[in-house]
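In full-length UniProt numbering, the protein residues as written are 500 to 959.
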Ligand code: PLP
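In structure tokens, the structure reads:
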């Protein structure tokens with residue numbers, strides 16, 4: 500692809516809607532958006548000072564109004580690629596046929612939920628509740644756990660992000676955290692260590708057992724204080740920490756601990772699920788652990804507003820007995836059409852296998868870059884769910900936050916969209932559409948190689 504693409508008109512910036520509605524679209528693009536992304540840790544302020552005005556997409560490419568193509572290396576939402584024609588056709592057909600709320604029984608509802616359940620890790624997890632986002636899925640999961648156990652307390656692992664609604668924000672601690680959360684975290688939330696073997700509290704041999712022991716101790720303390728937990732929630736692979744895989748045995752141990760304490764295990768698979776890991780469909784599957792509740796979104800609708808909670812009948816029944824059990828647009832026909840098309844494309848185009856093959860190639864090439872670039876501390880993750888951790892010193896692991904910011908900016912000049920992630924903002928988030936080709940992976944690695952040489956000479 501030579502970077503040139505015909506476009507048929509200028510983008511109307513008022514069509515771009517950010518976190519807050521502002522009257523002046525220019526302000527939205529250059530002011531509010533810049534501050535928001537800096538605060539949320541997307542990248543540096545300069546990175547977004549002149550954001551690409553994206554008009555259309557194709558596979559892993561995003562095309563700007565001026566015709567320039569960017570390789571999107573961060574978009575874990577659009578798992579099947581940007582603007583996939585099967586998704587567009589399927590949603591359009593459904594909108595023309597039946598566009599209503601989720602109150603009525605229509606075939607697609609059953610089709611989507613049963614297709615998603617084909618991926619259920621356990622026959623006991625046989626209920627799907629469609630919702631409209633990852634935040635909503637996690638809020639509902641937390642509520643289900645609370646109602647099913649008759650308890651309030653939720654224990655969450657540090658370095659997780661679960662959403663921006665009240666409950667999911669309350670259990671989040673990543674860089675995307677609300678800056679006031681530490682002060683305002685509700686008393687029904689308790690945070691334990693992130694099982695980050697690279698730079699966490701426990702490392703090396705026995706790390707998994709020590710993290711689990713810490714969790715067990717905390718659960719016992721909470722129970723003794725009359726605050727026995729309803730649930731433990733975590734990202735099975737620490738996505739917002741940069742694709743860090745917890746030490747083997749950790750998740751199974753954590754789930755056993757929460758169950759013994761009378762609570763339920765919630766796996767937030769919003770980022771990691773849907774085959775992105777290559778080797779497994781679910782992050783919890785990679786860890787060899789089966790949760791009681793799974794939450795999905797992002798890839799589920801390929802940026803169409805669709806999420807879901809997958810759980811057990813007895814857990815859902817507890818909430819049903821309480822009465823109100825309804826979402827107006829969660830599970831609406833067009834969302835179901837989108838969800839089904841995504842699952843079809845992942846299967847028919849072999850995208851999980853592609854994530855495995857291209858991911859392995861990418862990991863090997865990135866690790867080889869590490870032989871020449873001392874700032875490359877570690878390559879985390881699996882498949883197309885990777886994090887490249889940049890450090891100032893491999894011995895002390897001092898995070899190379901400034902350099903990471905500079906790398907992101909310079910990659911953009913090379914036509915590669917990249918973002919920093921983790922609490923320290925020193926991990927390159929490598930989570931492209933699962934359609935990424937070997938050639939595109941090589942373009943990214945070559946650009947990163949050049950940019951890292953430039954940035955190393957700046958001594959940031
Ligand atoms: N959970 C995880 C692990 C996420 O990464 C995100 C989004 O970044 C969410 C939940 C929230 O999902 P949404 O943005 O669809 O509300």
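Where is the CB? At the ideal position from N, CA and C, for every residue including glycine.
All figures in this text were calculated on a predicted structure; none of them were measured in a lab.
Going by C-alpha positions, residue 774 is about 14 Å away from residue 838. With a contact defined as Cβ atoms closer than 8 Å, residue 694 and residue 749 qualify at about 5 Å. Linking residue 611 to residue 605 through their CA atoms gives a straight-line distance of about 11 Å. Of the other Cβ atoms in all chains shown, 16 or more fall within 10 Å of the Cβ of residue 731; this residue is therefore buried.
Closest by C-alpha distance to residue 776, out of 887, 740, 856, is 856. Counting only runs that start and end inside the stretch 566-627, the beta strand (DSSP E) elements of at least 3 residues fall at 568-571. If you compare the alpha carbons of 571, 554, 956 with that of residue 563, the shortest gap goes to 554. Note on residue 575: 16 or more other CB atoms within 10 angstroms of its CB, so buried under the neighbour-count rule. Distance from the C-beta of residue 770 to the nearest heavy atom of the ligand PLP is below 7 Å.
Proximity of the beta carbon of residue 739 to the ligand PLP is indicated: a heavy atom of the ligand is located closer than 7 Å.
A distance criterion of 7 Å places the beta-carbon of residue 797 in contact range of the ligand PLP, judged by its closest non-hydrogen atom. Taking 8 Å as the upper bound for CB-CB distance, residue 570 and residue 918 are not in contact here, some 13 Å apart. In this structure the stretch 744-763 lies against the stretch 711-724, because at least three pairs of beta carbons, one per stretch, are closer than 8 Å. DSSP places residue 903 in the uninterrupted alpha helix (DSSP H) bounded by 900-912. Burial is judged here by how many other beta carbons sit within 10 angstroms of a residue's own beta carbon; residue 686 has fewer than 16 and is exposed. Counting along the chain, residue 811 sits inside the beta strand (DSSP E) bounded by residues 806-811.
With a cutoff of 7 Å, residue 767 counts as near the ligand PLP, since its C-beta is closer than that to a heavy atom of the ligand. In this structure, residue 634 has its CB closer than 7 Å to one or more heavy atoms of the ligand PLP. The C-beta distance from residue 869 to residue 741 rounds to 15 Å, too long to meet the 8 Å contact threshold. Straight through space, the alpha carbons of residue 933 and residue 848 are spaced by roughly 10 Å. For residue 554, the uninterrupted beta strand (DSSP E) segment begins and ends at 553-557.
Straight-line measurement puts the Cα of residue 888 at about 6 Å from the Cα of residue 878. Check the Cα spacing between residue 779 and each of 815, 758, 822, 735: the tightest is with 735. Close CB contacts of residue 738 within its chain, under the 6 Å cut and outside five residues either way in sequence, are with 770, 771 (chain order).
For the pair residue 944 and residue 950, the Cα-to-Cα distance works out to about 10 Å. With respect to the 8 Å criterion, residue 696 and residue 629 are not classified as neighbours on the basis of their beta carbons. For the pair residue 819 and residue 758, the Cα-to-Cα distance works out to about 22 Å. Take the alpha-carbon of residue 615 and the one of residue 633: they are about 16 Å apart. Contact between the stretch 822-833 and the stretch 784-802 is absent: fewer than three C-beta pairs spanning the two stretches fall below 8 Å.
Of the residues 765, 853, 652, 841, the one whose Cα lies closest to the Cα of residue 801 is 841. Annotation for residue 660 indicates a beta carbon within 7 Å of some heavy atom of the ligand PLP. Taking 8 Å as the cut-off, the beta carbon of residue 638 is found no closer than this to the beta carbon of residue 659. A direct Cα-Cα distance of roughly 9 Å separates residue 807 from residue 635. Straight-line measurement puts the Cα of residue 909 at about 44 Å from the Cα of residue 810. Closest option to residue 664, judged by alpha-carbon separation, among 631, 601, 652, 645: 631.
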